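Okay, so here's the structure we're looking at.
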Amino acid sequence: MRKIDPFLTALICAVLLATVLPCKGSATLILEYVTDACIMVMFFMQGLKLERRAILENMRNWKLQGLVLACTFLLFPLLGVALHALAPGLLDSHTWLGVLFLCCLPSTVQSSIALTSLANGNVAASICAATLSNIAGIFITPVLVSVVLHTQGVWSAQAITDIAVQLLLPFVAGQLLQPVLHKWAHRNKKIISITDRSSILLVVYTAFSHAVVEGIWSKLDLQSIASLAAIDLGLLLLVLLITLLLGKVFGFSSRDEISLILCGSKKSLASGVPMANVLFPASIAGFIILPLILYHQIQLFLCTLIARHYHTKHASDI
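Below, the structure written as structure tokens:
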């Protein structure tokens, strides 16, 4: 029996802690400054970890890389807008914003690569696709959020400053320092992972503290959460089916098909949580990241099952 991921348990605990003991008063301001600093550290670490060389070495497989990007930044937003148009009353307006925001995010890095490896897919191509998606997402996601969510505030002077200072500059600094600090980062991957995850938990706690103060649980009952989970699941199943069909249509090998499915269907919690904190007012950030937290857990569960299916199939073919 597979063990429950401790990080997923910690995410739930962060939400529960914010529900029972939300941050209030002067402590909120201090926590916001700490959260901003954590976001900068996270994007600096992302810049430090994501290797441009991995992109350049695998761009020859441009059909696969192009399709992963198209699924991530085109297919997802189109499906999200379509679902919203079909059932606008299924969720409240703020939670729908969270679903649409989720659709604008880049793919994951770590889990995409790990599951591709488990499924005997094209690991090198997945490293390239996941890296390219996250680098592109720094620039594309704010634009998509503005277009898809009709959020003009993304391009206010304050928002542009926040995006530049908290996201772009730390990421670029990490990229520039990569030749110097790459070996250090490789040796200390566990420390960096703990730092990233701790930062995400802090941002989640801060966002949900604001949301609890604003009455999130009086606006979202169990039926609403079940509806949200169903929408997240439906969205993921649609993308999984479409990526599978695209792999067949383009005549991809089994290894490339696996990379397309596992990279093209994922959404990054590590990028999404801090971006939501930067792009949206604190009062609705909890609503915005709730769909992402649910989607993150659903995608890990389903994609692990898919990876194991491919692994078993590959083993039986040998």
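Residue numbers (my numbering): 692 to 1009.
Where is the CB? At the ideal position from N, CA and C, for every residue including glycine.
These numbers were taken from a predicted model, which means no experiment stands behind them.
Are residue i and residue j closer than 8 Å when you measure CB to CB?
| i | j | result |
| --- | --- | --- |
| residue 956 | residue 825 | no |
| residue 1014 | residue 902 | A question about residue 1014 goes unanswered here, because the residues of the chain that appear run from 692 up to 1009. |
| residue 899 | residue 706 | yes |
| residue 937 | residue 951 | yes |
| residue 866 | residue 738 | yes |
| residue 791 | residue 839 | yes |
| residue 963 | residue 989 | no |
| residue 934 | residue 762 | yes |
| residue 911 | residue 786 | yes |
| residue 967 | residue 810 | no |
| residue 789 | residue 943 | no |
| residue 995 | residue 723 | no |
| residue 908 | residue 700 | no |
| residue 1013 | residue 872 | Examination of residue 1013 is not possible in this model, given that the chain is present from 692 through 1009 alone. |
| residue 757 | residue 796 | no |
If you count every other CB in all the chains shown that lies within 10 Å of the CB of residue i, and 16 or more means buried, which is it?
| i | result |
| --- | --- |
| residue 948 | buried |
| residue 870 | exposed |
| residue 717 | exposed |
| residue 939 | exposed |
| residue 771 | buried |
| residue 813 | buried |
Could you tell me if the beta carbon of residue i falls within a distance shorter than 7 Å of some heavy atom in the ligand NAD?
| i | result |
| --- | --- |
| residue 794 | For the ligand NAD, the structure offers nothing, since it holds no ligand at all. |
For residue i, does the three-state DSSP call read helix, strand or coil?
| i | result |
| --- | --- |
| residue 751 | coil |
| residue 841 | coil |
| residue 716 | coil |
| residue 697 | helix |
| residue 797 | coil |
| residue 868 | coil |
| residue 998 | helix |
| residue 710 | helix |
| residue 853 | helix |
| residue 723 | helix |
| residue 992 | helix |
| residue 825 | helix |
Which whole-angstrom value describes the C-beta separation of residue i and residue j, a residue pair presumed to lie in contact below a C-beta threshold of 8 Å?
| i | j | result |
| --- | --- | --- |
| residue 832 | residue 800 | Going by Cβ atoms, the distance from residue 832 to residue 800 rounds to 15 Å, so no, they are not a contact pair. |
| residue 974 | residue 781 | Actually they are not in contact, since the Cβ atoms of residue 974 and residue 781 sit about 22 Å apart, beyond 8 Å. |
| residue 923 | residue 985 | 5 Å |
| residue 1010 | residue 904 | A question about residue 1010 goes unanswered here, because the residues of the chain that appear run from 692 up to 1009. |
Quick one: does residue i have its CB under 8 Å from some CB of chain C?
| i | result |
| --- | --- |
| residue 855 | This model lacks chain C altogether, as it is built from one protein chain only. |
Can you give, in chain order, each stretch of the beta strand (DSSP E) that sits fully within the region 952–990 and has at least 3 residues?
For the beta strand (DSSP E) assignment, the region 952–990 encloses no uninterrupted run of at least 3 residues.
Alpha helix (DSSP H) segments (min. 4 residues) lying fully within the region 882–952:
The region 882–952 contains, as complete alpha helix (DSSP H) runs of 4+ residues, the segments 907–910, 913–940 (chain order).
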